[in-house]
Every structure is written in structure tokens, then in C-alpha cells.
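Residue numbers (our numbering): 660 to 724.
Just so it is clear, CB atoms sit at the ideal spot from N, CA and C, and this is done for glycine as well.
Below you'll find the structure, written out as C-alpha cells, and then a few comments.
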Amino acid sequence: AARQEYGLSPIAEPAPSAYDGIILAVAHDRFRRMGASGIRAFGHDPHVLYDLKYVLGGDESDVRL
């Protein structure tokens, strides 16, 4: 659906150390199990971690809504 509607190709697994910013917009259990360090492993140095759904503790992300 994403490919047809938006021209996007979903990936199976994010690449490690590849992203400037990581946005947690859905509170999937997988993200909770990964914890902040597991999620931050997808970002290169420096990166910003946005936790929009309060998946992580208050001091584990850079920005929360």
C-alpha cells in the first residue's frame, strides 16, 4: 500500500548507525523491548531521538511531546 500510494518502499530492518533522527511514532512492543540503547543504535553520532508516544523513560529520548 505504501509503495502504491506514496511511492515508498518499506524496509525489513533499519540500517545501524545510519540516521540523523529517529522518530518513535507508534508504541509497538518491539520498540519497548529494544530500549533506548537498541533504538539509538540506528542513529549515527550525533542523532536525535524523538519519542512521540512515551515509549521510553523521560530521560531516554531527546524530545517528547
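*Closer than 8 Å by C-beta to residue 675: which residues in its own chain qualify, once you throw out the five before and the five after it? Chain order, please.*
Non-local beta-carbon contacts of residue 675 in its own chain, meaning distances under 8 Å to residues more than five positions away in sequence, involve 700 and 701 in chain order.
*Taking residue 718 as part of the beta strand (DSSP E), name the residues at either end of that continuous run.*
Counting along the chain, no beta strand (DSSP E) covers residue 718, and no H or E run does either.
*Considering only C-alpha positions, which residue in the set 720, 717 and 709 is nearest to residue 684?*
The shortest C-alpha separation from residue 684 is found at 709.
*Starting from the C-beta of residue 661, find all residues in its chain whose C-beta is less than 8 Å away, skip the five residues before and the five after it, and write them out in chain order.*
So the qualifying residues of the chain are 667, 668 and 669.
_Does residue 670 come out as helix, strand or coil in the three-state DSSP assignment?_
Coil, per DSSP.
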